[in-house]
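These protein sequences, in sequence, are chains A and B.
For the first sequence, position 176 matches number 176 in UniProt numbering, and the numbering has no gaps at all.
For the second sequence, position 198 matches number 198 in UniProt numbering, and the numbering has no gaps at all.
Accompanying notes for the structure given below.
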Amino acid sequence: MTNLTDLVFILVVVIDFFLLASSRLGAAIRAVATQGALLAALPLLLLEGGHQVGHVLLLAAGALAIKGALIPWLMFRAIREASIRREMEPIVGFVPSMVLGGIGVALAFAFSSRLPLPGGEAHPYLVPTALSTVWAGMLLVVSRKKAVNQVLGFLVLENGVYVFGLLLTGIMPVMVEAGVLLDLFAAVFVMGIVMFHINREFASLDTEKLSALKD
Amino acid sequence: MVLLIAAPLALALVAFAMPSARRRPLVLLAGALVHAAGVLALLAAPPPAREGAWLAFDPLARVTLLTATALFLASAVYAQGYLARRADRDNRVFVGGLLVLLSAMTTVALSHHLGLTWVAMEASTLSTAPLIYFNQNARSLEAAWKYLLIGSLGIALALLGTFFLALAGAGPGGPKSLLVEDLIAAGGALSRPWVRAAFVFLLVGYGTKMGLAPLHSWKPDAYGEAPGILGALLAGGLTNFAFVSVVRVFQVTIAAGEGAFARDALMALGLLSIGLAAVFVVGQRDFKRMLAYSSVEHMGILAIGVSLGGAATAGAFFHTMNNGLTKGVLFLSAGNIHRAFGSKSTDEVHGAGRRLPLSGPLFLAGFLAITGSPPFGPFFSEFAIVNGAFGAGRYWVGGLFLAFLAVIFVGMAATVLDVVQGDPSDAPRVPGTGDSWLTAGPPLALMLVVLALGVFLPAGLKDLFGAAAALVGGGW
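In C-alpha cells, the structure reads:
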C-alpha cells in the first residue's frame with residue numbers, strides 16, 4: 001500500500017503546480033476535481049487497524065461526493081453561464097507563481113522536519129503535502145483576477161487543510177468533520193451565487209472590475 | 001443554552017418560509033426578545049458547569065452575550081422602521097440571515113469545543129455575506145465578494161490552526177480533545193512548538209474576523225456598503241465573538257507555557273491596528289468607512305488590553321461592552337443620516353444636526369463616547385487599559401496608545417463635525433426619511449446605557465469583567 005499512498009501524495013503536489021501554471025479554466029477545474037477525488041482515496045489508504053472503518057468510509061464518501069463531483073459540477077455551470085474559457089493575464093505571472101510554489105514546497109518540508117509529530121507514526125509526506133497545498137491555494141487566491149480562479153484557489157487551500165485533518169481522524173469527532181465538509185459546500189454555494197451576480201452586474205467575472213472601493 | 005442557539009435558527013426558518021414581507025420584520029423582533037429573555041434567564045439562574053460539555057455559560061460568554069443581546073434587540077426594533085422604509089427590497093434573506101447570525105454568534109460565545117467554534121464562525125461568515133449585498137449595486141457586490149473571500153481564507157487558516165492544536169494534544173499524555181478545559185488541564189503535556197504554530201494560525205484566522213490590521217481589508221468596504229444594522233451587528237457583535245475565540249485559544253496557549261510569545265503577538269497586532277486606524281481616519285470623507293477604521297482601532301485596543309494582563313485585561317472586557325453598544329449608536333444613527341441625505345460623503349452631507357434632531361446629535365455623542373471622552377463608558381475602560389500599561393512599566397506602549405488615540409480623536413472630529421454642523425438646506429434630500437421613534441429610539445436607548453456605564457458601574461458587572469480577565473491571568 002505504501003507505494004500507492006506515496007504516489008497519491010506526489011500527484012496532489014503535482015496538481016498544485018499544474019494549477020499554478022495553467023491558464024485554461026476547464027483544465028483547471030478538472031484538475032481540482034481530480035485532486036478532490038485523490039484526496040477521497042487517502043483516508044482509505046491510510047487506514048490502520050479495523051476499528052474506524054465506518055468513520056473512514058463516511059469521510060471518503062463525503063469528500064468524493066463534494067470535492068470530486070458536486071463542486072466541479074457547480075464550477076462548470078458557473079463558467080458555462082459566464083462563457084469564459086481562460087485566464088488572460090494573472091496578477092502574478094505563471095512562471096513566478098511556479099517559483100513561489102516551489103519555495104513553498106521546500107519550506108513545507110523544512111517546517112515538517114523541524115516539528116516532530118507528537119502522535120507518533122504518520123506518513124512522512126502527509127504534513128509537507130498538506131502545507132504545500134495550503135500555500136499553493138493561498139497563492140492562487142491572491143494572484144488571480146477571475147472570481148472563478150479565486151474560488152478554485154480557495155478549494156485547493158481547503159484540500160490542503162483536509163489532508164492535514166487526516167492526521168486527526170482518530171481524535172476529531174465525526175460531527176466536526178461533517179460540519180467541515182458541509183461548510184465547504186455552503187461556502188462554494190454562496191460564492192457561486194455571488195459569482196452569478198458579479199457576472200450579471202459587470203458582464204464578466206474579472207475581479208479587477210471590482211475596484212471601486214478604496215481609500 | 002441549546003434553546004438560545006436553536007430558537008433564532010427556528011425563527012430564521014419561519015422568516016424564510018413566511019410569504020408576507022411586511023410582517024417578516026416582526027419575526028426578527030420575536031427572535032431578539034426570545035434571545036434577550038433567554039440570556040437574562042441564564043444570568044438569573046446560571047446552569048451548573050458540567051464536565052465535558054461542549055457549551056458552557058462562563059464569564060466570557062456572560063459579558064459578550066449580554067452586550068450582543070442588547071445590541072440585537074435595539075437593532076431589531078430599528079429594523080421595524082428601517083425595513084418599512086425599504087419596502088422596495090425583498091427582506092427575506094435579510095431577516096433570515098440576521099437570525100442565523102444571532103444563532104451563530106451565540107454558539108461561538110457558549111462553545112468550549114474549538115471544532116464547534118470553528119463551524120459557528122464559518123456559519124457567521126456565510127450568513128452575513130449575502131446581507132452586505134442588500135442594496136444590490138456594484139459597490140455592495142464588490143464589498144460582499146471581498147468579505148466572503150477574505151473571510152473564507154481566514155477561516156480556512158483558523159481550521160488549520162485548530163488542527164495544529166488537536167495535534168499538539170495528541171501525543172502520549174495529551175488530552176486528544178478540542179475541549180478548552182481538557183487542553184488547559186493537559187497544560188505542559190501539549191507539544192509546545194505545535195501550540196505556538198496553532199496560536200499563530202488561529203490569531204490570523206480569527207483576527208481576520210475581528211478585523212485586526214493587517215487583516216482588516218474587508219472592513220471598510222463591508223461596513224461602508226452594508227446597511228447600518230449589519231454594520232452595528234458586525235462591529236459591535238461578531239467582532240467581539242471573534243475576540244472571545246482568540247481569548248479561548250490564548251487561555252490554552254498560556255496553559256501550555258507559551259503565554260509570553262502569545263502576548264507579544266497580540267501586542268504587535270494591537271498597536272499596528274490602532275496606528276493604521278489613525279493613519280486612515282484622518283481626512284476620511286466617507287463617514288461609514290470612518291466607523292470601520294474606528295472598529296479596527298477598538299479591536300486593537302482589546303488585543304492590547306488582553307496582552308498587558310492585570311487590570312488592563314479586565315478593562316478590555318469592560319471595553320467589549322462599551323465598544324459594542326457605542327458602535328450600535330454610531331452605525332444606527334449613521335444609517336439614518338445616510339438615508340436622509342442619500343449620501344455618506346462629507347462632500348454632500350452637512351447639517352445633520354438640524355435635519356435629524358435626534359440622529360444628528362446622537363452621532364456626535366456616539367463619536368465623543370467612542371473616542372474616550374468622559375463621562376461615557378469607553379473613557380473608563382480605555383483609562384483602565386492605559387493605567388494598566390503605565391502601571392506595568394510599559395511606558396512606550398502607554399505613550400503610543402495615547403498618541404494614536406489623540407490623532408484618531410482629531411481625525412474623526414473633523415469628519416463628524418462636517419456631517420453634524422452647518423446648514424442642510426443645500427444638501428441632497430431623500431423624501432420621507434426624517435427621524436422616527438422606531439429608527440432614532442434604539443440608538444438613543446443604547447446611548448443612555450453607554451452613559452450609564454460611565455456614570456455608575458454596578459458591582460456585579462465589575463466582578464464579571466474581573467472574572468473574565470481571570471481566565472487569562474488578569475483581574476482588577
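Yeah, the Cβ is synthetic: ideal placement off N, Cα and C, and Gly gets one too.
Please classify residue i as buried or exposed, where buried requires at least 16 other C-beta atoms within 10 Å of its C-beta.
i: residue 96 of chain A; result: exposed
i: residue 395 of chain B; result: exposed
i: residue 214 of chain A; result: exposed
i: residue 172 of chain B; result: exposed
i: residue 81 of chain A; result: exposed
i: residue 322 of chain B; result: buried
i: residue 156 of chain B; result: buried
i: residue 43 of chain A; result: buried
i: residue 183 of chain A; result: buried
i: residue 155 of chain A; result: buried
i: residue 264 of chain B; result: exposed
i: residue 88 of chain B; result: exposed
i: residue 423 of chain B; result: exposed
i: residue 136 of chain B; result: exposed
i: residue 38 of chain B; result: buried
Please name the residue or residues paired with residue i in a DSSP beta bridge.
i: residue 123 of chain A; result: Paired residues: none, contrary to the question.
i: residue 55 of chain B; result: B:111
i: residue 237 of chain B; result: Answer by DSSP bridge pairing: none, since residue 237 of chain B is not bridged.
i: residue 179 of chain B; result: B:113
i: residue 86 of chain A; result: A:24
i: residue 206 of chain A; result: A:146
i: residue 474 of chain B; result: B:310
i: residue 286 of chain B; result: B:345
Does the beta-carbon distance from residue i to residue j come in below 8 Å?
i: residue 151 of chain A; j: residue 98 of chain A; result: no
i: residue 419 of chain B; j: residue 338 of chain B; result: no
i: residue 99 of chain B; j: residue 29 of chain B; result: no
i: residue 287 of chain B; j: residue 346 of chain B; result: yes
i: residue 199 of chain B; j: residue 160 of chain B; result: no
i: residue 129 of chain B; j: residue 144 of chain B; result: yes
i: residue 382 of chain B; j: residue 274 of chain B; result: no
i: residue 25 of chain B; j: residue 79 of chain B; result: yes
i: residue 140 of chain B; j: residue 168 of chain B; result: no
i: residue 153 of chain B; j: residue 212 of chain B; result: no
i: residue 410 of chain B; j: residue 251 of chain B; result: no
i: residue 101 of chain A; j: residue 17 of chain A; result: yes
i: residue 194 of chain B; j: residue 164 of chain B; result: yes
i: residue 336 of chain B; j: residue 64 of chain B; result: no
May I ask which residues mark the beginning and end of the alpha helix (DSSP H) holding residue i?
i: residue 350 of chain B; result: Per DSSP, residue 350 of chain B belongs to no alpha helix (DSSP H) and is neither H nor E.
i: residue 98 of chain A; result: 94-114
i: residue 149 of chain A; result: 147-165
i: residue 309 of chain B; result: Neither: residue 309 of chain B is in no alpha helix (DSSP H) and is coded neither H nor E.
i: residue 59 of chain B; result: 59-85
i: residue 263 of chain B; result: 259-281
i: residue 387 of chain B; result: 377-391
i: residue 35 of chain A; result: 25-45
i: residue 201 of chain B; result: 192-210
i: residue 24 of chain B; result: 24-44
i: residue 66 of chain A; result: Segment: none, residue 66 of chain A is in no alpha helix (DSSP H) and carries neither H nor E.
i: residue 147 of chain B; result: 138-168
i: residue 430 of chain B; result: No alpha helix (DSSP H) contains residue 430 of chain B, which DSSP labels as neither H nor E.
i: residue 415 of chain B; result: 395-420
i: residue 437 of chain B; result: 437-455
i: residue 363 of chain B; result: 359-370
i: residue 4 of chain B; result: 2-17
Between which residues of its own chain and residue i is the CB-CB distance below 7 Å, once the five residues before and five after are set aside?
i: residue 218 of chain B; result: 146, 147, 150, 151
i: residue 408 of chain B; result: 277, 278, 281, 297, 371
i: residue 166 of chain A; result: 42, 43, 46, 126
i: residue 182 of chain B; result: 175
i: residue 307 of chain B; result: 263, 266, 267, 270
Ignore the nearest five residues each way along the sequence and tell me which others in residue i's own chain have a CB closer than 8 Å to its CB.
i: residue 146 of chain A; result: 25, 84, 87, 205, 206, 207
i: residue 76 of chain A; result: 26, 29
i: residue 132 of chain B; result: 140, 143, 144, 147, 222, 225, 226, 230
i: residue 125 of chain B; result: 147, 148, 151, 152, 155, 209
Residues in its own chain within less than 6 Å of residue i by CB, not counting five upstream and five downstream?
i: residue 106 of chain B; result: 4, 5
i: residue 328 of chain B; result: 71, 74, 232, 236, 446
i: residue 158 of chain A; result: 184
i: residue 435 of chain B; result: 356, 358, 359
i: residue 55 of chain B; result: 1, 110
Does any residue of chain C have a CB that is nearer than 8 Å to the CB of residue i?
i: residue 183 of chain A; result: Chain labels in this structure do not include chain C; the protein chains are A and B.
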